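Asks: For the sequence shown, this note's numbering begins at 2 and goes up steadily by one.
In this text, a Cβ means the ideal position worked out from N, Cα and C, and glycines have one as well.
Note that the coordinates shown come from a computational prediction; the quantities given were computed from them, not determined experimentally.
Next up is a structure, given as structure tokens.
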Amino acid sequence: MKSGSSGKRNKQQATVAQSKVLTEMKIGVLTSGGDCPGLNAVLRGIVRKSMSYDYRIIGILNGWKGLIDEDYLELGLKEVSGIINRGGTIIGTSRYNPFMEKDGKNLLVEKVQKAGFSSLICIGGEGSMHIAQLAHEAGINVIGVPKTIDNDIYGTDFTFGFDTAVNIATEAIDRLHSTAESHHRVMVVEVMGRNAGWIAVYSGIAGGADIIAIPEQKVGIEHMISVIRNRYLRGKKFSIIVVAEGCTFDLAEFQNVRIDTKNVKKDDFGRPRLGGISHYLAEEIEARSGFETRATILGHLQRGGMPTAFDRVLGTRYGVYAVEMVRKEKFGRMCSIQGNEMTDIPIKKAISRLKTVDPDIYDVAQVFFH
Ligand code: F6P
């Protein structure tokens, strides 16, 4: 009897101790890299799911920079209320890399310990996942959530933000069609896509583009002009060319335009700031073919505003799943969606390469390049 009651008490004490550990679970969450529709849906998913485990969620403001600056905002019901349809990120973002600081690794570990974070959830793209991996190697419990409108993160079928960007770009192509047709012009539409042409291919197919140029596949300017001419000869006096911002051409392709390759500005991750290839292309096509050709750069319009329903759902699923990963201590891993199933892979694998455009999809697009 005696030993039975003390056993019971021990059990109770253990449960109290356990729940104390649980209530003290403090997770730091940050959004890093370019903003992206659906980020707030992820944050909301994280906070709401965490409530069922009594985890505290602390928003680290402005990406990894907030950790160094100790700039935090506790996220609760109030903070994430009414944000699922909002673009951007309520906790701010940056392309700051703490490993660029002197003794960055120790600084990071020190800041995580000082804040009392038991783990970190890093929501970011490829550059941010590289930082997450280094943080994991430094001994920090990190979970990755893949984010980018470019859809180029390896190991996941879709990143949130991509669907929204594709819909915005498709609507723009639809609108540009009116002008192209009325004025008998060639319109070159430049969409985002640094290393992969997913947005270009999806919006190009959906918008009925006549040519789609992506970083993964070379399309010569002469070929573009021959498509424009063929269309003209069959009575189509306008054409739409969709080009991904990361497309490169041999400089020799430009006989009439001089491309400035020297004065290219860099972003905070040290990558060239893209945007502008469509202007060179439009000028060259017009000079060579005689068809009036105009360029439109969609730029940040593709990243702004309300996420689509698809991205809100995907973002929410990622957020909820990320908390489950924390609970199961799946650190050093990134959540991913494969065939509509949520799963996770090592961050190291996700950053081992980029997910470039599936050649089968580009083959579908090419059917219409005549
Ligand atoms: O990485 C996503 C992305 O949208 C790229 O396609 C683009 O090159 C980059 O962000 C531009 O971002 P920013 O103008 O914020 O530097």
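Here's a check: name, in chain order, each residue in its chain whose Cβ is nearer than 7 angstroms to the Cβ of alanine 170, leaving out the five neighbours to either side.
Replies: Here the question's residue 170 lines up with position 169 in the sequence shown. Val192, Ile200, Ser204, Leu299, Gln303.
Asks: Could you tell me if asparagine 98 is buried or exposed, where buried requires 16 or more neighbouring beta carbons within 10 angstroms of its beta carbon?
Replies: Within the sequence shown, residue 98 is the residue found at index 97, counting from 1. So asparagine 98 counts as buried.
Asks: Residues in its own chain within less than 6 angstroms of glycine 306 by CB, not counting five upstream and five downstream?
Replies: By 1-based counting over the sequence shown, the position of residue 306 is 305. Excluding positions up to five away in sequence, the list reads Gly88.
Asks: Classify histidine 301 as buried or exposed, calling it buried when 16 or more other Cβ atoms lie within 10 Å of its own Cβ.
Replies: Against the sequence shown, residue 301 aligns to sequence position 300. With fewer than 16 Cβ atoms within 10 Å of its Cβ, histidine 301 is classed as exposed.
Asks: From which residue to which residue does the beta strand (DSSP E) around alanine 210 run?
Replies: For this step, residue 210 is matched to residue 209 along the sequence shown. Counting along the chain, alanine 210 falls outside any beta strand (DSSP E), and DSSP gives it neither H nor E.
Asks: So with Cβ pairs under 8 angstroms, would you call valine 146 a contact of chain B?
Replies: Checking the listed chains, one finds no chain B in this structure; it contains a single protein chain.
Asks: Which residues mark the beginning and the end of the beta strand (DSSP E) in which valine 187 is found?
Replies: Within the sequence shown, the letter at position 186 stands for residue 187. Where valine 187 is concerned, the enclosing beta strand (DSSP E) stretches over 187–192.
Asks: Would isoleucine 242 pass as a contact of methionine 225 if the rule is Cβ separation under 8 angstroms?
Replies: Reading the sequence shown from its first residue, position 241 is the one you call residue 242. Reading the sequence shown from its first residue, position 224 is the one you call residue 225. In contact: isoleucine 242 and methionine 225 (Cβ atoms closer than 8 angstroms).
Asks: Answer yes or no: the CB of isoleucine 132 versus the heavy atoms of the ligand F6P, is any distance below 7 angstroms?
Replies: Translated into positions along the sequence shown, residue 132 becomes position 131. Isoleucine 132 Cβ: outside cutoff for every heavy atom of the ligand F6P.
Asks: Within 10 Å of its beta-carbon, does serine 129 have 16 or more other beta-carbons around it, so buried, or fewer, so exposed?
Replies: The count along the sequence shown starts at 1 and reaches residue 129 at position 128. So serine 129 counts as buried.
Asks: Any heavy atom of the ligand F6P closer than 7 angstroms to the Cβ of leucine 275?
Replies: The residue given as residue 275 occupies position 274 in the sequence shown. Checking every heavy atom of the ligand F6P against the Cβ of leucine 275, one is found closer than 7 angstroms.
Asks: Alpha carbons only, please: which of Met26, Gly35, Asp359, His280 is nearest the one belonging to isoleucine 215?
Replies: Indexing the sequence shown from 1 puts residue 215 at position 214. That would be Asp359, whose Cα lies nearest to the Cα of isoleucine 215.
Asks: Evaluate leucine 68 with the Cβ neighbour count: other Cβ atoms within 10 Å of its Cβ, from every protein chain shown; 16 or more gives buried, anything less gives exposed.
Replies: Within the sequence shown, numbered from 1, the residue matching residue 68 stands at position 67. Buried.
Asks: Ignore the nearest five residues each way along the sequence and tell me which others in leucine 74's own chain have a CB closer than 8 angstroms to its CB.
Replies: Sequence index remark: in the sequence shown, residue 74 carries index 73 (1-based). Excluding sequence neighbours, leucine 74 sits near Ile59, Gly60, Leu62, Glu80, Ile92.
Asks: Enumerate in chain order the residues of its own chain whose CB-to-CB distance from phenylalanine 118 is below 6 angstroms, with the five nearest sequence positions on each side excluded.
Replies: For the purposes of this step, residue 118 is taken as the residue at position 117 of the sequence shown. Closer than 6 angstroms at Cβ, skipping near neighbours: Lys27, Gly29.
Asks: Flag this pair as yes or no: are the beta carbons of tyrosine 54 and leucine 355 separated by less than 8 angstroms?
Replies: Residue 54 sits at position 53 when you count from the first residue of the sequence shown. Residue 355 sits at position 354 when you count from the first residue of the sequence shown. Not a contact, by the Cβ cut-off of 8 angstroms.
Asks: Pull up the distance between the alpha-carbon of isoleucine 348 and that of asparagine 231, whole angstroms please.
Replies: Position 347 of the sequence shown holds residue 348. Position 230 of the sequence shown holds residue 231. Cα-Cα distance, rounded: 47 angstroms.
Asks: Leaving out five residues before and five after valine 394 in sequence, what residues of the same chain have Cβ atoms less than 6 angstroms from its Cβ?
Replies: Summary: the structure shown does not reach residue 394, with the chain confined to residues 2 through 371, and so no result is reported for it.
Asks: So, is glycine 39 buried or exposed, given that buried needs 16 or more other C-beta atoms within 10 angstroms?
Replies: Translated into the one-based positions of the sequence shown, residue 39 becomes position 38. Answer is buried; the Cβ neighbour count reaches 16.
Asks: Would glutamate 293 and valine 187 be called neighbours here (beta carbons separated by less than 8 angstroms)?
Replies: Indexing the sequence shown from 1 puts residue 293 at position 292. Indexing the sequence shown from 1 puts residue 187 at position 186. Yes; because the gap between Cβ atoms is below 8 angstroms, this pair is in contact.
Asks: Using alpha carbons as the reference points, say which of Ser290, Glu217, Val228 lies closest to threonine 357.
Replies: Within the sequence shown, numbered from 1, the residue matching residue 357 stands at position 356. Minimum Cα distance to threonine 357 is reached at Glu217.
Asks: Assuming aspartate 151 and arginine 96 make a contact with CB atoms under 8 angstroms, what is their CB distance in whole Å?
Replies: In the sequence shown, residue 151 corresponds to position 150, counting from 1. In the sequence shown, residue 96 corresponds to position 95, counting from 1. At roughly 14 angstroms, the Cβ-Cβ gap does not stay under 8 angstroms, so aspartate 151 and arginine 96 are not in contact.
Asks: Which residues bound the beta strand (DSSP E) around methionine 343?
Replies: In the sequence shown, residue 343 corresponds to position 342, counting from 1. Its beta strand (DSSP E) spans residues 342–347.
Asks: Identify whether lysine 112 lies in helix, strand or coil by the three-state DSSP scheme.
Replies: Position 111 of the sequence shown holds residue 112. Of the three classes helix, strand and coil, the one that applies to lysine 112 here is helix, per DSSP.
Asks: Just the Cα atoms here: how many angstroms apart are aspartate 251 and lysine 266?
Replies: Mapped onto the sequence shown, residue 251 falls at position 250. Mapped onto the sequence shown, residue 266 falls at position 265. Rounded to the nearest angstrom, the two C-alpha atoms are 21 angstroms apart.
Asks: Beta carbon of isoleucine 150: closer than 7 angstroms to some heavy atom of the ligand F6P?
Replies: Taking the sequence shown and counting its residues from 1, the one referred to as residue 150 is at position 149. The answer is yes for isoleucine 150.
Asks: At 4 residues or longer, and completely inside the segment 37–73: list those alpha helix (DSSP H) runs for me, N to C.
Replies: You should have 40–52, 65–70.
Asks: What are the boundary residues of the beta strand (DSSP E) that includes lysine 79?
Replies: Numbered from its first residue, the sequence shown carries residue 79 at position 78. Premise fails: lysine 79 lies in the alpha helix (DSSP H), 78–81, not in any beta strand (DSSP E).
Asks: Can the beta-carbon of glycine 320 be found closer than 8 angstroms to that of lysine 112?
Replies: Working through the sequence shown from its first residue, we reach residue 320 at position 319. Working through the sequence shown from its first residue, we reach residue 112 at position 111. Contact: no.
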